[in-house]
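Working notes, structure below.
Residue numbers (UniProt numbering): 1 to 186.
Below you can see the structure in the form of structure tokens.
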């Protein structure tokens, strides 16, 4: 495993276990088992580090859901996989951390836009795999809704908010799933 990969794995683990506030250079270097100078060699600015961890984490999450859908391509598989991820809080923490970081480092906005485009494209592919409407508008609606559900859950972190994530995903998927038109009687 390369040093860069060790850094990304350590950062992703810290993010999952302790949140965005744990993504400091000293903590990541310690978790990766490297000197901080190695970390700053690969990621000279904190924004570079946050963005790389976000990309690594989100790509891993999307790949996991895609693999689940490949094994069982149904709307329920997509809803269950996303509910687990949103309830764990990874995607909103990543995006909110990057948005906050971009306030003090505007250079992060361009790669953040690229990351959002990539996530949106990944969402579109997941929708296609699940047999759900997968045009640009559906992907935008799906993306915005899951981020909203995740952020509202993170604000409350209780059973009720977790249940809302699940029911919101079920409703969203039902809304986007094509349904046959009712037959007319002659």
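Built from N, CA and C at the ideal position, the CB exists for glycine as well.
Note down the Cα distance separating residue i from residue j, rounded to an integer number of angstroms.
i, j, result
"residue 197", "residue 153", "Since the displayed the chain opens at 1 and closes at 186, residue 197 lies outside it and no answer follows."
"residue 33", "residue 121", "34 Å"
"residue 140", "residue 57", "20 Å"
"residue 103", "residue 25", "19 Å"
"residue 178", "residue 130", "11 Å"
"residue 162", "residue 87", "6 Å"
"residue 191", "residue 108", "Because the chain spans 1 through 186 in this model, residue 191 falls outside it and cannot be assessed."
"residue 65", "residue 119", "13 Å"
"residue 196", "residue 5", "Because residue 196 is not part of the residues shown, which for the chain are 1 to 186, the question remains open."
"residue 105", "residue 117", "20 Å"
"residue 47", "residue 12", "15 Å"
"residue 53", "residue 185", "57 Å"
"residue 170", "residue 40", "43 Å"
"residue 92", "residue 101", "14 Å"
"residue 149", "residue 133", "20 Å"
"residue 28", "residue 168", "35 Å"
"residue 158", "residue 174", "24 Å"
"residue 68", "residue 115", "22 Å"
"residue 55", "residue 10", "14 Å"
"residue 80", "residue 61", "13 Å"
"residue 1", "residue 155", "36 Å"
"residue 30", "residue 49", "15 Å"
"residue 176", "residue 135", "10 Å"
"residue 125", "residue 38", "36 Å"
Between which two residues does the alpha helix (DSSP H) carrying residue i extend?
i, result
"residue 170", "159-176"
"residue 142", "136-156"
"residue 63", "46-71"
"residue 26", "25-32"
"residue 118", "109-129"
"residue 11", "3-18"
"residue 38", "36-42"
Is the Cβ-Cβ distance between residue i and residue j less than 8 Å?
i, j, result
"residue 151", "residue 83", "no"
"residue 98", "residue 51", "yes"
"residue 147", "residue 95", "yes"
"residue 142", "residue 172", "yes"
"residue 127", "residue 138", "yes"
Exercise. For the 8 Å Cβ check, are there 3 or more pairs between the stretch 10-19 and the stretch 65-77?
Worked result: no
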